[in-house]
């Protein structure tokens with residue numbers, strides 16, 4: 019079995035003005051970087067605007083954006099999606115990223131870190147599970163979720179009481195690594211075709 023760290027693409031999906039996503043994404047990124055079994059690549063969708071109109075022949079500007087994102091998704095062994103909940107769903111920026119890519123997700127595990135109000139972003143996660151299933155990705159069961167997130171982080175972006183969230187993150191990472199190793203080994207033995 020390979021001991022090479024798994025390449026984790028950690029996707030910060032919110033692009034909304036005044037977004038809270040960077041605080042959550044930076045927190046989970048810092049924990050992921052402490053692990054020897056993960057190599058982290060943070061992809062902030064605010065830096066990679068993709069249009070909502072899909073095309074088999076994108077224009078030059080879209081092609082340049084895809085060249086900055088697509089290889090990073092293709093190289094990833096595992097994914098974590100950091101998502102808010104907007105109107106009981108996930109952001110359009112994330113759906114656009116997903117829809118511009120098909121094969122990059124296949125036979126790879128996806129974990130979620132969600133945030134929002136009372137529901138903590140969990141409704142967006144449930145919808146994302148069905149989307150990723152269509153793309154032949156495997157979503158891991160456990161999620162890190164921040165309910166009423168604005169009161170849980172201080173003005174520097176640090177969690178006020180990190181114990182429970184850090185424990186939940188450890189479980190998420192462990193599940194992601196298990197599936198990541200299993201699926202990487204399977205893809206190396208027999209390429210996956212969807």
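Residue numbers (the numbering used here): 19 to 212.
Here a beta-carbon is modelled for each residue, glycine too, at the ideal position from N, C-alpha and C.
Taking the CA atoms as reference points, residue 58 sits about 10 Å from residue 46. DSSP, read as helix, strand or coil, puts residue 30 in strand.
Cβ contact annotation for residue 120 (same chain, cutoff 7 Å, sequence separation greater than five): 153, in chain order. Take residue 123, set aside five residues on each side of it, and the residues of its chain with a beta-carbon closer than 6 Å to its own are 153, 155, in chain order. Straight through space, the alpha carbons of residue 21 and residue 95 are spaced by roughly 13 Å. As DSSP reads the structure, residue 97 sits in a beta bridge with 27, 128. Per DSSP, the continuous alpha helix (DSSP H) segment holding residue 150 begins and ends at 140–152.
Annotated three-state conformation of residue 56 is strand, per DSSP.
Taking all protein chains in view, the Cβ of residue 82 is surrounded by fewer than 16 other Cβ atoms within 10 Å, so the residue is classified as exposed. In this structure, the straight-line span from the alpha carbon of residue 146 to that of residue 181 is close to 27 Å. Judged by DSSP in its simplified three-state form, residue 156 adopts strand. CA-to-CA, the gap between residue 90 and residue 31 works out to about 15 Å.
Taking C-beta separations shorter than 6 Å and ignoring five residues to either side along the sequence, the partners of residue 164 in its chain run 133, 138, 170, following chain order.
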